[in-house]
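Same order as they appear, the protein sequences are chains A and B. Using my numbering, count along the first sequence one by one with no gaps and you end on 135. Using my numbering, count along the second sequence one by one with no gaps and you end on 270.
Number of protein chains: 2
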Amino acid sequence: MELLSVSLAAYYGDFTVAAASEHLTASQGKTLSVLRRGPASMSVLATTLTCDASNMTGIVDRLEKRGLVRREPSPSDRRVKNVVLTAEGERAIDVIRGRMHHTLDGLSRLDERERDTFYALLERVFTSRPAPDGA
Amino acid sequence: MELLSVSLAAYYGDFTVAAASEHLTASQGKTLSVLRRGPASMSVLATTLTCDASNMTGIVDRLEKRGLVRREPSPSDRRVKNVVLTAEGERAIDVIRGRMHHTLDGLSRLDERERDTFYALLERVFTSRPAPDGA
DNA sequence: TATTGTTATACTCTATAACTATA
DNA sequence: TATAGTTATAGAGTATAACAATA
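Take a look at the structure:
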C-alpha cells in the first residue's frame, strides 16, 4: 500500500506538471482524459472524477470557454447534456500525455513482455469498479 | 497510457473517499501518507506533493490545528521546521488505508507471486524520481 | 417523485509575489 | 546572496443546499 501510494504520487505529479505546461489544472486535465474515450454526460463525468456534480459545471465552463470541450443536448433525455472533446481539446490531452516524461521513461524501462504483464495486473487490480457507461 | 490513467483515477477516487470518511481532504490525506514514512521539512513535503511551498503552510496549519501533525524546529538549521505525525495522525492515515476497499479488494485478487511481480514492476516504472530524503 | 444540471455559498487548494529570519 | 518558511492575494476546486426543467 505504501508502494502504491508513492507510485501514484509520482504519476499524479507527472500529470500535474504536464497539464500545467498546457495551462490546465489537474482537474481540467483529468476531465479531458476521461473525454478522450468519448462523450460523457455531466453526471457521468462527476462520478468518474469522484466529485460532486456541481463542481463539473465550473470545470466544464472553463474548458468550454477555451474551446476544448463542447456541451451538446442529449437526443434521448432533454435534461442531459453530453460533453464532447473538440479537436483542440483532443490535441491538448495528447500533448499532455506525451509530456509525462517520468512515466514514459519508467514504462520504457520494461520490455514488451513485462509491459504486457504490468498492464494485465493493473487491469485486474483496478478494473472492477462500476464503470459508468452512461448514454 | 489510457489504462494507467483509468487505473490511477480509480486509486485516487478510492483514496479521496476514504480520506473524506475521516473528514480530511485528498491533499491532507496525501500529506499524512508522506509523513507515515517519517518526519519531513515543509519544503520536502511541498516537493513530494508537487505543490508550492506556500501551500504547505495552510495544509499543515489545518492538520496541526486538529492535532494530527506537529511542527518541530530542526536542530541543525534554525530556518527549517520538521513536520512530525502525532499518534492521532498515524491512526488517521492507517484508518484511511484500511478503508480503501476497491484497491484492497483489487489487490486481494492477486496471489502472492503475482503481487510480488506487480510491486516489482511498479517500483521499476515509478521509482526513479529524485527521491527527496531531506534532513 | 426522482433525476439532471445549475446557482449560491463557504471552505480548501493552488501559484505568484513580497516578506522575515537564517545560512 | 541564497534558502526555509510565512503571509497576502486571486483564481480554481470542493461539498452542501436550494432551485428549475424534465422524466
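For every residue, glycine included, the Cβ atom is placed at its ideal position computed from N, Cα and C.
In chain A, what lies closer than 7 angstroms to M136/B by C-beta?
-> Against chain A, a Cβ distance below 7 angstroms from M136/B picks out R97.
Is the shortest distance between the beta-carbon of T31/A and the beta-carbons of chain B less than 7 angstroms?
-> no
Have a look at D111/A and D105/A and give me their C-alpha separation to the nearest angstrom.
-> In this structure, the CA atom of D111/A is about 12 angstroms from the CA atom of D105/A.
C-beta neighbour in chain A for P267/B, strict 7 angstroms | With a pLDDT of 39 at P267/B, under the threshold of 50, the predicted position of this residue should be treated as unreliable, and no value is reported.
Is the segment 222-239 of chain B touching the segment 159-179 of chain B in the sense that three or more CB pairs, one from each, lie closer than 8 angstroms?
-> By the Cβ test, the segment 159-179 of chain B is in contact with the segment 222-239 of chain B, since at least three Cβ pairs between them sit closer than 8 angstroms.
Spatial distance of E157/B from L198/B (CA atoms) = 12 angstroms
Starting from the C-beta of H237/B, find all residues in its chain whose C-beta is less than 6 angstroms away, skip the five residues before and the five after it, and write them out in chain order.
-> Closer than 6 angstroms at Cβ, skipping near neighbours: D149.
Counterpart residues of E90/A in DSSP-defined beta bridges = For E90/A, which the question treats as bridged, DSSP gives no partner whatsoever.
Any Cβ of chain B within less than 7 angstroms of the Cβ of S5/A?
-> So, interface residue.
With a CB to CB cut of under 6 angstroms and the five nearest residues on each side skipped, what residues in its chain are close to S74/A?
-> So the list reads V80 and N82, once near-sequence residues are dropped.
Using the beta-carbon count (16 or more within 10 Å), is S5/A buried or exposed?
-> Under this definition S5/A is a buried residue.
Between the CA atoms of T25/A and S41/A - distance to the nearest angstrom | 21 angstroms
Got a sec, what are the start and stop residues for the alpha helix (DSSP H) R124/A sits in?
-> Here the alpha helix (DSSP H) through R124/A covers E112 to F126.
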